[in-house]
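>
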Amino acid sequence: MTSVDLQNTLLSDEDMATRDAAPSLSAYMDGQGHSREIDLADSQVMQCWSQYHVIRDALTDPSSLTPVSESFAARMSAALAREPAHGQPDPQEKPVASRRPGFWERAGLAWPGLAMASAVASVVWIAQPLLGLQEGVGGLAQCRKLLRAHLRRLI
Amino acid sequence: MTERQVDADLVARVQQGDKQAFDLLVLKYQRKIQRLLSRMIRDPSDIDDVMQETFIKAYRALPQFRGESAFYTWLYRIAINTGRNWLSTEGRRPSSPGLNISDDGETFDEIDNLTDNNTPESALTSHEIAATVNSVIEQLPAELRTAIVLREIDGLSYEEIAETMACPIGTVRSRIFRAREAIAAKLRPLLDTHGDRRW
């Protein structure tokens, strides 16, 4: 035989889907193209990937050409299947919305009212000398009365 | 994209939730990791256990992998640490007496100089596969042979091969694929006849 008969290397009809993926896979392992073009869930694609790497190892690192055990492959696959996929929410973690609010969160609900009361008090304090509310104790008492009324409404 | 970038692409897919991409990384590196561990640990079933632990540890740690080093360097470091922990837990000595692994997992020279624990049978299989690959390559039409040799042995990029062979990149891509398919077709019967072993 002077040259390999390439016609005999063609995959069977049922492997046509893989054959479509194989050129992309071959290019991808050389850094050409993108893995998104390849259906990684296809077991034939996996087989192809494995064989192409055996060829590469045979040419570049023949000492690594030692098959792994069937039991390793099966156990590895099962162990990986038990692992959660990355980049997705942990199903064990409760959704934020259903979480019971903590003490400080609940206390925080009253905070806007307190903040508003504090703002009103500050305004009155500053405005007092400007608006002439300082005229006698009566003016100050009126101011306090207004402030208390505001606080009652807000809290 | 270099080989390191191919790994980085697969790593990114795993980090985004694609577990199948990790299968590709396992298939690519399992033999190298097995060889590495076989230089530390003698019993094949122990090697399988430590190898599985290595890959699972790597999978779990992958969200923290930022690509400062190559993926295989990072994986080798995990394998060495896992193997060393196993030896220490089991109170055993490394299978290779001269084994003294440095903490910096980047240096593998010492490990590479050690004799691995390949059985005569597996050594024969390796030899047979390597011989078949080389024999098929010699029989390939010249343009396929040149393309695959420039790629796999000389490590040229498709652009460089296209320039060397004075042809479009698409032709290089097709020639390399056809060469691989021709070799794989001759290898398949050999790869399928190993009972409880797989490639």
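So the sequences go chain by chain: D and C. Counting in the working numbering, the first sequence runs from 227 upward without gaps. Counting in the working numbering, the second sequence runs from 162 upward without gaps. We treat Cβ as the ideally placed atom computed from N, Cα and C, and that holds for glycine.
#1: Go through its chain and collect everything with a Cβ distance to residue 211 of chain C's Cβ below 7 Å, but skip five positions before and after it.
#2: How would you call residue 378 of chain D, buried or exposed, if buried means at least 16 neighbouring beta carbons within 10 angstroms?
#3: Determine whether the beta carbon atoms of residue 182 of chain C and residue 175 of chain C lie at a separation below 8 Å.
#4: Does the beta carbon of residue 212 of chain C sit closer than 8 Å to a beta carbon anywhere in chain D?
#5: Mind checking who residue 294 of chain D pairs with in its DSSP beta bridge?
#6: Helix, strand or coil: which one does DSSP assign to residue 260 of chain D?
#7: Report the neighbours of residue 224 of chain C on chain D: residues whose CB is nearer than 7 Å to its CB, in chain order.
#8: What are the boundary residues of the alpha helix (DSSP H) that residue 266 of chain D is part of?
#9: Assuming contact is defined by CB atoms lying nearer than 8 Å, are residue 253 of chain D and residue 334 of chain C in contact in what I supplied?
#10: Kindly say whether residue 305 of chain D, judged by its beta-carbon, lies nearer than 8 Å to any beta-carbon of chain C.
#11: Would you kindly work out how many angstroms separate the C-alpha atoms of residue 256 of chain D and residue 281 of chain C, rounded to a whole number?
#12: Whole angstroms are fine: how far does the CA of residue 226 of chain C sit from the CA of residue 358 of chain C?
#13: Give the DSSP-derived three-state secondary structure of residue 205 of chain C in the structure shown.
#14: Along the segment 271-296 of chain D, what residues have a CB closer than 8 Å to any CB found in chain C?
#15: Alpha carbons only, please: which of C:180, C:316, C:209 is nearest the one belonging to residue 282 of chain D?
#16: Using only alpha-carbon positions, find the residue among C:221, C:165, C:339, C:232 that is nearest to residue 309 of chain C.
#17: Check this for me: beta carbons of residue 217 of chain C and residue 309 of chain D, under 8 Å apart or not?
#18: So is residue 374 of chain D buried or exposed if we call it buried at 16+ other beta carbons inside 10 Å?
#19: With C-beta atoms as the reference, is residue 312 of chain C less than 8 Å away from residue 298 of chain C?
#20: Quick one: does residue 184 of chain C have its CB under 8 Å from some CB of chain D?
#21: Under 8 Å, Cβ to Cβ, is there at least one residue of chain C near residue 256 of chain D?
Concretely, from the data shown:
#1: As a first step, residue 211 of chain C must be located in the second sequence, where it is residue number 50. Excluding positions up to five away in sequence, the list reads 198, 202, 243, 244, 247.
#2: Along the first sequence, read from residue 1 onward, the residue named residue 378 of chain D stands at position 152. With fewer than 16 Cβ atoms within 10 Å of its Cβ, residue 378 of chain D is classed as exposed.
#3: As a first step, residue 182 of chain C must be located in the second sequence, where it is residue number 21. As a first step, residue 175 of chain C must be located in the second sequence, where it is residue number 14. In contact: residue 182 of chain C and residue 175 of chain C (Cβ atoms closer than 8 Å).
#4: Numbered from its first residue, the second sequence carries residue 212 of chain C at position 51. Yes, residue 212 of chain C counts as interfacial toward chain D.
#5: By one-based count along the first sequence, residue 294 of chain D stands at place 68. Per DSSP, C:359.
#6: Locating residue 260 of chain D in the first sequence gives position 34, where the first residue counts as 1. Coil at residue 260 of chain D, not helix or strand.
#7: On the second sequence, residue 224 of chain C is found 63 positions in, with the first residue counted as 1. Result: 312.
#8: Taking the first residue of the first sequence as position 1, residue 266 of chain D is located at position 40. Element bounds for residue 266 of chain D: n/a, residue is neither H nor E.
#9: Here residue 253 of chain D corresponds to residue number 27 of the first sequence, with the count starting at 1. Here residue 334 of chain C corresponds to residue number 173 of the second sequence, with the count starting at 1. Cβ distance < 8 Å, so residue 253 of chain D and residue 334 of chain C count as in contact.
#10: Here residue 305 of chain D refers to the residue found at position 79 when the first sequence is read from its first residue. Yes, residue 305 of chain D lies at the interface with chain C (some Cβ there is under 8 Å from its Cβ).
#11: Here residue 256 of chain D refers to the residue found at position 30 of the first sequence. Here residue 281 of chain C refers to the residue found at position 120 of the second sequence. C-alpha separation (whole angstroms): 33 Å.
#12: Within the second sequence, the letter at position 197 stands for residue 358 of chain C. Within the second sequence, the letter at position 65 stands for residue 226 of chain C. About 31 Å.
#13: Mapped onto the second sequence, residue 205 of chain C falls at position 44. Residue state, collapsed to three classes: helix.
#14: 272, 274, 275, 276, 277, 278, 279, 280, 281, 282, 283, 284, 285, 286, 287, 288, 289, 290, 291, 292, 293, 294, 295, 296
#15: For the purposes of this step, residue 282 of chain D is taken as residue 56 along the first sequence, with counting starting at 1. That would be C:316, whose Cα lies nearest to the Cα of residue 282 of chain D.
#16: On the second sequence, position 148 is the one that residue 309 of chain C refers to. Nearest of C:221, C:165, C:339, C:232 to residue 309 of chain C, Cα basis: C:339.
#17: Walking along the second sequence from the start, residue 217 of chain C turns up at place 56. Walking along the first sequence from the start, residue 309 of chain D turns up at place 83. It is a contact, given that the beta carbons lie within the stated cut-off.
#18: Against the first sequence, residue 374 of chain D aligns to sequence position 148. Under this definition residue 374 of chain D is an exposed residue.
#19: Residue 312 of chain C sits at position 151 when you count from the first residue of the second sequence. Residue 298 of chain C sits at position 137 when you count from the first residue of the second sequence. Contact: no.
#20: Position 23 of the second sequence, counting from 1, holds the residue named residue 184 of chain C. Closer than 8 Å: yes.
#21: Within the first sequence, residue 256 of chain D is the residue found at index 30, counting from 1. Yes, because at least one Cβ of chain C sits closer than 8 Å to the Cβ of residue 256 of chain D.
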